[in-house]
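Below is one structure, written out as structure tokens; the observations come after it.
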Amino acid sequence: MLANYSAVRAVSFSAMSMWETFSSPIAESFRKGILERIDTPISYRWAFCEQILLLLFVAGLAAWQPRLMLVYLLPWYLLTHFITRYVDYLNHYGCDEGSDNPYERANNSLSRWFNFTTHNFGYHTAHHIRPGAHWTELPAIHRAIADQIPARHLKPFSWSWVLMPYHFYRSATGRM
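Residue numbers (the working numbering): -14 to 161.
Structural data, given as structure tokens:
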């Protein structure tokens, strides 16, 4: 599904991966925090508690004000989840994630506005090379490795989900 960009694949990936991105952190924090009692690099037990507290809050809101939860909270929550999955698709479409060359595993948005509004998330290869780096360090890491990143993985446009129709147009014209 992460082959060359297509509108259908982008929307399908975004919709189909939403459940996994919701459930995986809960399962991981339960396994590591409750079953294995791991507390480094984070307290997985507390992460699990936070996630359960959020679910209990939403369940309580659903019991108290079901219409408010269904009409306001749930649509925004689902939209936000969909958007994060769409940006993740843009980060990885057309990349060889199994490559021995770490510079071929991610796309990079060079849009200054996108990087300004997303804490430099467009410098995605830098994030893969140094996953623990603070977001303020990503531009410098990117500059140091930019000449090693294949040109096809350097995208000059913004990945903002608001530009999804523009991405569809670029794809249709073969410029994505």
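Even glycine gets a Cβ: it sits at the ideal position worked out from N, Cα and C.
Less than 7 Å divides the Cβ of residue 91 from the Cβ of residue 113. The C-alpha of residue 33 is placed about 28 Å away from the C-alpha of residue 76.
At the C-beta level, residue 79 and residue -11 come within 7 Å of one another.
Judged by DSSP in its simplified three-state form, residue 94 adopts strand.
In the structure shown, residue 139 adopts extended strand secondary structure according to DSSP, grouped into three states. Here residue 42 is exposed. Its C-beta has fewer than 16 other C-beta atoms within 10 Å. In this model, residue 60 and residue 66 are separated by some 10 Å (Cα to Cα). Going by DSSP, residue 31 is part of the alpha helix (DSSP H) stretching over 29 to 49. When only Cα atoms are considered, residue 22 and residue 8 end up about 19 Å apart.
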